[in-house]
Amino acid sequence: MPYAYDLKDLRLFKAVAQARNLAAGAAALNMTASLASYRLKNLEYTAGCPLFVRSPRGMTLTPAGDAMEKHVDTLLGDLNAMHEELSTYATDLHGQVKLLANSSALQGFIVPSVARFLAANSRVDVEIQELGSEAIPGCIRDGEADIGVFAGRVEDADLTCELYAIDRLICATPPAHPLVQRSRASLKDILDNDFVCRDTASSNTQFLFQRAQEIGKPVKARVYAHDFAAMMDLVAAGVGVALVPMSVAESALRDGRVGAVNLLDRWAFRELHLVMKRSSSQSDLAHQFATILMHDPLVVATRSSTHWV
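Under our numbering, the first residue of the sequence shown carries the number 9, and numbering increases by one thereafter.
In structure tokens:
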């Protein structure tokens, strides 16, 4: 079963370890104490051992916590050094790149990465189009776009395919929903609830219905929303629960607008791959832009901090 160490969890761990206080550590990251507590418990579950000794006077590290702190310091230092070194490659670029991405990759990773890149490179234009994962490799092969990011993997002699990011699907719930008390559940158990879904053409919705069909239970879809932000608003209002990538739910979780239940199903961890045409005619700009996308620190963290066992 795969386990993942989330970069935000590790930053929170370090902040609380330094402050020796949950509320102070959470405040340093603009996070509520309740969300911080949830994330730390999830981190300890992932590590398989307690990391803090909790007492009325505050929080201190266990021996395991001391060991983790050393590794976290190294990891965060390496990420900062990498970002500084790679920033030199983002200068003097100019031209246009067309990028295709599925819905979860687009909202969870691509848009933040592209925003940071464009802000630093005024002479580069990027055209972004949302497309279902199954169609993206073919479009790249046919030359309809320069770069594609999709869920899954493709074996094609005409294409290069690299692991881009690892995300996990969670069940987002209204804050006071009974499921929140469980913290972990399988989709089979969650399907008894009303669902907020993306539109029927979305790969996210199609994936949910496929998994439900395999289980042999229907999806009780109450409403179909046009994007993930609308889904979070509807979940926060108590309309139902939703199957969404952690990367797109983090803002609502951080604000305490929704709760989160980790899924026990193996498929909850999703590999996103970056695909390009294997051709010498591919522009230097496309290759440089792909390199920048691959080495965005927030994206790298999802790969380098994930341990498969």
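Each residue gets a CB set at the ideal place from its N, CA and C atoms; glycine is no exception.
Bear in mind the structure is a predicted one, so any value in this text is a computation, not a measurement.
Is Met76 helix, strand or coil when you go by DSSP?
helix
Apart from the five residues just before and just after Ala173, which ones in its own chain have a Cβ nearer than 6 Å to its Cβ?
Phe117, Leu280, Val307, Thr310
If you follow the beta strand (DSSP E) that Lys285 is in, where does it begin and where does it stop?
277-285
Using the Cβ count rule (16 or more neighbours within 10 Å means buried), how would you classify Ala23?
buried
From the DSSP output, in three-state form, read off Tyr13 for me.
coil
DSSP state of Arg62, grouped into three classes?
strand
Please name the residue, chosen from Ala75, Leu69, Asp133, that lies closest to Ala27 on a Cα-to-Cα basis.
Leu69
Just the C-alpha distance for Arg192 and Ser111, rounded to the nearest angstrom, thanks.
A straight line joining the alpha-carbon of Arg192 with that of Ser111 spans about 25 Å.
Starting from the Cα of Ala109, find the closest Cα among Leu20, His102, Val122, Ile136 and give me that residue.
Ile136
Who pairs with Gly243 in a beta bridge, going by DSSP?
Reading the sequence as shown, one finds Val at residue 243 and not Gly. Looking at the DSSP assignment, Val243 forms no beta bridge with any residue, so it has no partner.
Could you check which residue in Arg219, Asp263, His295, Leu187 has the C-alpha nearest to that of Val248?
What sits at residue 248 in the sequence shown is Gly, not Val. Nearest option by C-alpha distance: Leu187.
Of all the options Ile178, Leu167, Ala12, which has the alpha carbon lying nearest to the alpha carbon of Glu258?
Nearest of Ile178, Leu167, Ala12 to Glu258, Cα basis: Ile178.
Which residue marks the beginning of the alpha helix (DSSP H) containing Gln137, and which one marks its end?
Where Gln137 is concerned, there is no enclosing alpha helix (DSSP H), although the beta strand (DSSP E) it sits in stretches over 132-138.
Would you grab the beta carbon distance between Gly160 and Ser130 for me? Rounded to a whole angstrom, and I think it's under 8 Å.
About 34 Å separates the two Cβ atoms, so there is no contact after all.
Restricting to Cα atoms, I'd like to know which of Ser211, Leu20, Leu37 is closest to Glu2.
Outside the modelled stretch of the chain, which goes from 9 to 317, sits residue 2, for which no answer is possible.
Would you identify the three-state DSSP class for Cys147, choosing helix, strand or coil?
helix
Nearest to Pro145 by CA position, among Phe158, Val134, Asp133, is which residue?
Phe158
If you drop the 5 nearest sequence neighbours on each side, which residues of the same chain put their C-beta closer than 8 Å to that of Lys49?
Ser191
Of the choices Asn29, Ala75, Ala35, whose alpha-carbon is the least far from that of Arg62?
Asn29
Give the list of continuous alpha helix (DSSP H) stretches no shorter than 4 residues that lie fully inside the region 169-219.
195-198
Can you tell me whether DSSP reads Met67 as helix, strand or coil?
Residue state for Met67 is assigned as strand, using DSSP reduced to three classes.
By alpha-carbon positions, which one of Lys285, Ala36, Asp292, Thr299 ends up nearest to Ala165?
Lys285
Taking the alpha-carbon of Val80 as reference, which of Tyr46, Ala55, Met302, Ser291 has the nearest alpha-carbon?
Ala55
List the residues that DSSP assigns as beta-bridge partners of Val249.
Val249 pairs with Phe203.
Express the C-alpha separation of Val243 and Ala184 in angstroms, rounding to a whole number.
Each residue's alpha carbon lies about 11 Å from the other.
Between the alpha carbons of Gln214 and Leu101, how many angstroms are there, rounded?
38 Å
Identify, in the order they occur along the chain, each residue of the same chain with its Cβ nearer than 8 Å to the Cβ of Asp263, setting aside the five sequence neighbours on each side.
Thr40
Buried or exposed: which applies to Asp304, given that a residue is buried once 16 or more other Cβ atoms fall within 10 Å of its Cβ?
buried
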